[in-house]
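In what follows, a single structure is set out as structure tokens and then discussed.
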Amino acid sequence: MRRTAFREGKTMNGSAGGARTRRGFRGGAVLGLMIGLAVTAALGQNAPYRPGDDVEVNWAGQWRPGKVLEIARTGWIKVEFQMHSMRLTPTLPPSQIRPAAGAERSPPASDGPPLTAGDWSQVRTVVPGQPAPNWTWNPDPAPQPAALKPQPIPLHGREGRAVESPRSIVFAPSLGRAVIGHIDGMPGHATATRFEWCDLTEGRTVGGQAMPVHAVPSGLSPDGQRLLTRIDGWLHGTKARLDVWAWNGEKLEHKIGWTPSASQEQFERDIIYAAWTDNAHVVVVNLKGQLALWQLAPLQAIYTIDVLPNSRPAVSPGGQCLAVMSSGGLEFYRAADGRLMGRLSDSPTDGAALLFRSDGAQLAMVLVRQVLVWDLAQGQLMREIAVPELPLAPHRGAACWLANNYLLLGGTRLIDIERRIVLWEYRYEDARTAESVAALGGYVWFVSTEASNGSQRLVPCALPHEEAAAVAAGLDAESLLAVKPGVGVTLEIQLEATQEQREAIRQSLASKLEQNGMKVTPGQPIQLVARVVPGATKEMEYRRFGVPPWGKHDKVTYTEQRCELAFLVDGQVAWQAASVASAPHLLRLTEGQTVEQAVKAATQPNLNFFVQTQLPRHLVRPTGRTSYGQSQLTARGPIRVLPPGKPPHGPAGKPQGREV
Numbered sequence: 006m007r008r009t010a011f012r013e014g015k016t017m018n019g020s021a022g023g024a025r026t027r028r029g030f031r032g033g034a035v036l037g038l039m040i041g042l043a044v045t046a047a048l049g050q051n052a053p054y055r056p057g058d059d060v061e062v063n064w065a066g067q068w069r070p071g072k073v074l075e076i077a078r079t080g081w082i083k084v085e086f087q088m089h090s091m092r093l094t095p096t097l098p099p100s101q102i103r104p105a106a107g108a109e110r111s112p113p114a115s116d117g118p119p120l121t122a123g124d125w126s127q128v129r130t131v132v133p134g135q136p137a138p139n140w141t142w143n144p145d146p147a148p149q150p151a152a153l154k155p156q157p158i159p160l161h162g163r164e165g166r167a168v169e170s171p172r173s174i175v176f177a178p179s180l181g182r183a184v185i186g187h188i189d190g191m192p193g194h195a196t197a198t199r200f201e202w203c204d205l206t207e208g209r210t211v212g213g214q215a216m217p218v219h220a221v222p223s224g225l226s227p228d229g230q231r232l233l234t235r236i237d238g239w240l241h242g243t244k245a246r247l248d249v250w251a252w253n254g255e256k257l258e259h260k261i262g263w264t265p266s267a268s269q270e271q272f273e274r275d276i277i278y279a280a281w282t283d284n285a286h287v288v289v290v291n292l293k294g295q296l297a298l299w300q301l302a303p304l305q306a307i308y309t310i311d312v313l314p315n316s317r318p319a320v321s322p323g324g325q326c327l328a329v330m331s332s333g334g335l336e337f338y339r340a341a342d343g344r345l346m347g348r349l350s351d352s353p354t355d356g357a358a359l360l361f362r363s364d365g366a367q368l369a370m371v372l373v374r375q376v377l378v379w380d381l382a383q384g385q386l387m388r389e390i391a392v393p394e395l396p397l398a399p400h401r402g403a404a405c406w407l408a409n410n411y412l413l414l415g416g417t418r419l420i421d422i423e424r425r426i427v428l429w430e431y432r433y434e435d436a437r438t439a440e441s442v443a444a445l446g447g448y449v450w451f452v453s454t455e456a457s458n459g460s461q462r463l464v465p466c467a468l469p470h471e472e473a474a475a476v477a478a479g480l481d482a483e484s485l486l487a488v489k490p491g492v493g494v495t496l497e498i499q500l501e502a503t504q505e506q507r508e509a510i511r512q513s514l515a516s517k518l519e520q521n522g523m524k525v526t527p528g529q530p531i532q533l534v535a536r537v538v539p540g541a542t543k544e545m546e547y548r549r550f551g552v553p554p555w556g557k558h559d560k561v562t563y564t565e566q567r568c569e570l571a572f573l574v575d576g577q578v579a580w581q582a583a584s585v586a587s588a589p590h591l592l593r594l595t596e597g598q599t600v601e602q603a604v605k606a607a608t609q610p611n612l613n614f615f616v617q618t619q620l621p622r623h624l625v626r627p628t629g630r631t632s633y634g635q636s637q638l639t640a641r642g643p644i645r646v647l648p649p650g651k652p653p654h655g656p657a658g659k660p661q662g663r664e665v
């Protein structure tokens, strides 16, 4: 892996390195020279730019002001421009350059229909962390869903598109309507996008359409008449566009497209969340953490709220409330005007994905290794559930509530909220299916693909299935708990630090245990361990700005430092949080500092992690397994996956279905 180093406030240009010897056919060299001379002559007569011209440069999907430095023989143009207070001097093809005074760029056909400029003139800024009123909650449930016909629905299938896969499924619950977005290619590199409309009340498809833009469905309007999509790009800045399409019963018609981010930096303007609040408004969050409510007709930003980057807000099922994680903590705003309705926690939590239950009575917060559940009527945290880290971070946002207090994470892990456990794990015939699993009407819906012929069906499945429900019935929630108020905990500090630092960490952790109703007692089977351990040893190469890829690099070998905080029960990990100090993507070197010194400073353990991390109040006894069983979901129903995974308490019952 190669990364870039630069000195803060200075431009660093390097030489191209030593001469490179090339061998080849002399005739080819002569031909190349003739072509080069011809191009140079043509540019001398008709070159659209000259050194010193002011231009705009298309860099990572964003047009930036720049200046022409020189014209290469090939016709490519060397330019300079500023980005993040740095001077860049790339050589680009003419298609990436335009005159500074040129007209607004017209998106090419591959970019989709024309964009509309959003109106920011009347936008209001809502500041998080303001005094909140006393907590009261009026449930905002989803509209009564239509009566569904829970049967597999044949789809059009891949039809020769070998790598096509479902990307997302969205619903209009009151109409019993679903839209499936298929992409042909890997996410971010799709070569085709296709949408399929299904009527779940009749169990059939009602239409399909190939799209002129590589987009994925983000949501159907509550009336089911309009579809919200987001561009599906790969690089930073290529997921910054939203489009609204109207369904006329036969095909989609484009209504409006816009870039809803106020930021022009490609690292910030990508959209990570978009949802309808009603038929006329859409809430959007970009990578920077700016939440904006948009009115569609006319296209106008109503208000903005800064939420924590990499967090996902939630719109209440009825669309009246927004739950966000901001610098003020877990806050609730009225969706229509951004008025603060209340606050349940004043502790900001990064990377939180929020999700309302369909009746609006509970809210789940999904973290990397933990799920928290609030009872909104009481305004209290009711469950803390430790879960194995999800293998793909984006799946933290792919969670759905199921009936009887179950939550499905990433389409694969079934969380039993009452018992605080990962009850079951589910797999699919095509692993990519998990990305598009959705829930409606008491069923999980997923696309099943036959490997033999590529045929596809939209399949409903009630979870937990019979076998998983039988296992859960044999488990008592209280008897599963190991860590809970009233137990004794041994506190161990295993790290190299000053005596003052160690004592500060010890006092902080002891105070948190006492606040959770636990006693710090030596010699207990339950231990809270704080330690710093060496991580992986890696070799990294940094390249300074201005140095070509074949030029000189700074090579550094370093060892990551991992801060770990863990509850152990009889020597087994019941819960763990970690902070890894590693070499950053970009290094800012102070005057006289070497790359080695900068990397060493960046990889020092973060001892504040032990003071800032919150401790769980309840933890179940570890079993040595990630769940109580595994099954594969197919169009024919759940199939047990070996090994069977017996529960540690109570009988599992007879396995249902054939084994694979």
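Numbering-wise, the numbering used here comes out as the position in the sequence shown, counting from 1, plus 5. All residues carry an ideal CB built from backbone N, CA and C; glycine is no exception.
Find out if the Cβ-Cβ distance for the pair residue i, residue j is shorter than 8 angstroms.
| i | j | result |
| --- | --- | --- |
| Thr198 | Val175 | no |
| Ala267 | Glu258 | no |
| Ala177 | Gly238 | no |
| Val464 | Ser453 | yes |
| Pro322 | Val289 | no |
| Met545 | Ala588 | yes |
| Leu296 | Thr309 | yes |
| Val574 | Arg626 | yes |
| Ile307 | Val128 | yes |
| Pro171 | Arg462 | no |
| Thr528 | Thr503 | Going by the sequence as given, residue 528 is Gly instead of Thr. Cβ atoms of Gly528 and Thr503: not closer than 8 angstroms. |
| His623 | Leu419 | no |
| Leu335 | Gly384 | no |
| Ala541 | Glu565 | yes |
| Arg317 | Ala358 | yes |
| Val62 | Arg69 | yes |
Measuring straight from C-alpha to C-alpha, what distance separates residue i and residue j?
| i | j | result |
| --- | --- | --- |
| Ile185 | Ser226 | 15 angstroms |
| Gly333 | Pro469 | 36 angstroms |
| Tyr431 | Leu638 | 7 angstroms |
| Ala509 | Arg567 | 19 angstroms |
| Arg645 | Tyr633 | 12 angstroms |
| Leu160 | Trp580 | 43 angstroms |
| Gly446 | Gln149 | 9 angstroms |
| Arg367 | Leu360 | Sequence check: residue 367 is Gln here, not Arg. If I take the Cα positions, the gap works out to 9 angstroms. |
| Ser460 | Thr206 | 22 angstroms |
| Val312 | Gly365 | 22 angstroms |
| Gly493 | Glu434 | 46 angstroms |
| Gln95 | Glu85 | Note that residue 95 is Pro in the sequence shown here, rather than Gln. Distance between the alpha carbons of Pro95 and Glu85: 7 angstroms. |
| Arg374 | Gly491 | 24 angstroms |
| Gln325 | Ala340 | 5 angstroms |
| Ala586 | Val561 | 15 angstroms |
| Ala245 | Ser173 | 18 angstroms |
| Asp342 | Gly57 | 49 angstroms |
| Ser584 | Glu394 | 14 angstroms |
| Val381 | Ala147 | Before going further, note that residue 381 is Leu rather than Val in the sequence given. Answer to the nearest angstrom: the Cα atoms are 15 angstroms apart. |
| Ala515 | Val525 | 7 angstroms |
| Asn143 | Val320 | 14 angstroms |
| Trp429 | Tyr547 | 44 angstroms |
| Ile188 | Gln214 | 12 angstroms |
Please name the residue or residues paired with residue i in a DSSP beta bridge.
| i | result |
| --- | --- |
| Gly384 | None; Gly384 has no bridge partner. |
| Lys244 | The partner list for Lys244 (beta bridge, DSSP) is empty, contrary to what the question assumes. |
| Met545 | Val561 |
| Thr210 | Cys203 |
| Lys524 | Gly493 |
| Ala443 | Trp450 |
| Ile2 | Nothing about residue 2 can be reported from this structure: the residues present for the chain run from 6 to 665 only. |
| Tyr4 | Limits of the chain in this structure are 6 at one end and 665 at the other, which puts residue 4 out of reach. |
Any C-beta of chain B sitting closer than 8 angstroms to the C-beta of residue i?
| i | result |
| --- | --- |
| Ala603 | The displayed structure is made up of one protein chain only, and chain B is not part of it. |
CB of residue i to nearest heavy atom of the ligand MN: below 7 angstroms?
| i | result |
| --- | --- |
| Met370 | For the structure depicted, the ligand MN is absent and the ligand set is empty, with no information on it obtainable. |
Exercise. Check whether the segment 618-635 touches the segment 466-483, counting contact only when three or more Cβ pairs, one atom from each stretch, lie closer than 8 angstroms.
Key: yes
Self-check item: Segment contact, 8 angstroms Cβ cut-off, at least three pairs: the segment 89-102 with the segment 275-285
Solution: no
Exercise. Examine the Cβ distances between the segment 437-455 and the segment 373-388 and report whether three or more of them are shorter than 8 angstroms.
Key: no
Self-check item: At least three beta-carbon pairs within less than 8 angstroms, the segment 117-127 to the segment 295-315
Solution: yes
Quiz item: Between the segment 595-609 and the segment 501-521, are three or more C-beta pairs nearer than 8 angstroms?
Solution: no
Quiz item: Do the segment 125-141 and the segment 404-424 meet, that is, are 3 or more Cβ pairs less than 8 angstroms apart?
Solution: no
Quiz item: If we count Cβ pairs, one from each stretch, closer than 8 angstroms, do we get three or more for the segment 609-624 versus the segment 569-584?
Solution: yes
Exercise. Go through the segment 286-311 residue by residue and report every complete run of the beta strand (DSSP E) that reaches 3 residues or more, in order.
Key: 286-291, 295-300 and 305-311
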